[in-house]
Amino acid sequence: MVNTSSTLGSLLLGGLFSATFTGMMSVQSLLYFKLFPTDKPRIKALVTILWLFDVAHSGTVWAGLWNYLIVHFNDTARIDQIPQAIPITIILTAVSTICVHLFFAERIFRLSKNNRILAGSIVILAFLRLTCACVTAGAMLSIQTYSGFRNNFNWVFSAGLGLSSAVDILVTGSLLKLLHKSRKASLSASFDHIIDSLILYTLECGAVTCIATIASMICWLVMNNNLVFLGLHFVISKLYSNSLLATLITRYELRNSRERSTSDGIVDFDVFNMRSPRRLNIFTPGTSFTQPMQVSVKQSVTEYGAEGSIDAEQ
Numbered sequence: 414m415v416n417t418s419s420t421l422g423s424l425l426l427g428g429l430f431s432a433t434f435t436g437m438m439s440v441q442s443l444l445y446f447k448l449f450p451t452d453k454p455r456i457k458a459l460v461t462i463l464w465l466f467d468v469a470h471s472g473t474v475w476a477g478l479w480n481y482l483i484v485h486f487n488d489t490a491r492i493d494q495i496p497q498a499i500p501i502t503i504i505l506t507a508v509s510t511i512c513v514h515l516f517f518a519e520r521i522f523r524l525s526k527n528n529r530i531l532a533g534s535i536v537i538l539a540f541l542r543l544t545c546a547c548v549t550a551g552a553m554l555s556i557q558t559y560s561g562f563r564n565n566f567n568w569v570f571s572a573g574l575g576l577s578s579a580v581d582i583l584v585t586g587s588l589l590k591l592l593h594k595s596r597k598a599s600l601s602a603s604f605d606h607i608i609d610s611l612i613l614y615t616l617e618c619g620a621v622t623c624i625a626t627i628a629s630m631i632c633w634l635v636m637n638n639n640l641v642f643l644g645l646h647f648v649i650s651k652l653y654s655n656s657l658l659a660t661l662i663t664r665y666e667l668r669n670s671r672e673r674s675t676s677d678g679i680v681d682f683d684v685f686n687m688r689s690p691r692r693l694n695i696f697t698p699g700t701s702f703t704q705p706m707q708v709s710v711k712q713s714v715t716e717y718g719a720e721g722s723i724d725a726e727q
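Numbering of the sequence shown is given in the working numbering, commencing with residue 414 and proceeding in unit increments.
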């Protein structure tokens, strides 16, 4: 028997949070274009696409809620029916998710010095997740009931959420390892501070998206008499899009931190230009070495403000 209160309540809360995150996404998009007018065109295009998908996603979410809360309010027989807007939200979520995953896959590819196996694994899992979402949406449009979908395609939706969580874990773990490796090779306290900030931010963003996806999957598997999983699913794409935008905008604070360090004569390097990669020098004035040492940092600003590795030649 369907639990009407938990179903409609979770859907309404999911819709409200979804709309809130869309507002945050809009503000962050405007802020991004104001702060970084010289970023690469493809980065600007990605931000624009994610924002458009985000707005479209919120529109389809509320179209589905209109069906549940207005047109067929308190009609328990209709709760098992799948409005056409719901499969569309699943597709839009999958497309937004893969855009973010591919963005990070490219950054990991560069940061890991062209590790094709690592980046390729992320890309393959991301496309498998998109495939599961497409199958899920097609099945929902065809079957049109949650009970029928559970009986025949339960594993597809579960696999899609599981793959999304796996990609989150792989991306987060890879970035943490690569950033930690860069920190170990650094000879600058200021650069260490920036890397520490990136590591913390990487962990926070990866944990939020992964936890939300896993929570939705658990609710899908264990709560058969309500649609709590769907309320959580409404928010997933928003978390991915907002995480990426927040990541790009974080460069502004990191840049200010770098400039404060430069004014103190501690470090002199620019890691915040997304227009072109460059070779940069880190140095500490007044420091002498028994042997000449040259430290170079290959940098191009990435999802967390810096991408690169530190190579010491002695």
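All C-beta atoms in this analysis are idealised placements derived from N, C-alpha and C, irrespective of residue type, glycine included.
- Under the three-state reduction of DSSP, residue 441 is assigned to helix.
- When 576, 658 and 435 are compared, the shortest CA-CA separation from residue 629 is found for 576.
- Scanning the stretch 461 to 509 from its first residue to its last, the whole alpha helix (DSSP H) runs of 4-plus residues come out as 489 to 492.
- About 7 Å separates the beta carbons of residue 542 and residue 580, which is inside the 8 Å limit, making them a contact pair.
- Going by C-alpha positions, residue 469 is about 8 Å away from residue 505.
- If you draw a straight line from the Cα of residue 457 to the Cα of residue 446, it is about 8 Å long.
- DSSP places residue 525 outside any alpha helix (DSSP H), giving it a letter other than H or E.
- A check of alpha carbon separations from residue 658 across 634, 488, 442 and 614 identifies 442 as the nearest.
- For residue 558, the secondary structure class from DSSP, reduced to helix, strand or coil, is strand.
- Ranking 425, 455 and 464 by CA distance to the CA of residue 653 puts 464 first.
- Per the C-alpha coordinates, the member of 498, 514 and 421 positioned closest to residue 459 is 514.
- With contacts defined as CB atoms closer than 8 Å, residue 587 and residue 661 fail to qualify as a contacting pair.
- Taking 8 Å as the cut-off, the Cβ atoms of residue 540 and residue 552 do not count as close.
- Relative to the Cα of residue 589, the nearest Cα in the group 615, 649, 607 and 567 belongs to 615.
- In the three-state scheme derived from DSSP, where H, G and I count as helix and E and B as strand, residue 630 is classed as helix.
- Sixteen is the threshold: when 16 or more other Cβ atoms of the shown chains lie within 10 Å of the Cβ of residue 574, as they do, the residue is buried.
- DSSP, read as helix, strand or coil, puts residue 450 in coil.
- Cα atoms of residue 637 and residue 500: separation of roughly 18 Å, rounded to the nearest angstrom.
- In the structure shown, residue 421 falls within a helical segment according to DSSP collapsed to helix, strand and coil.
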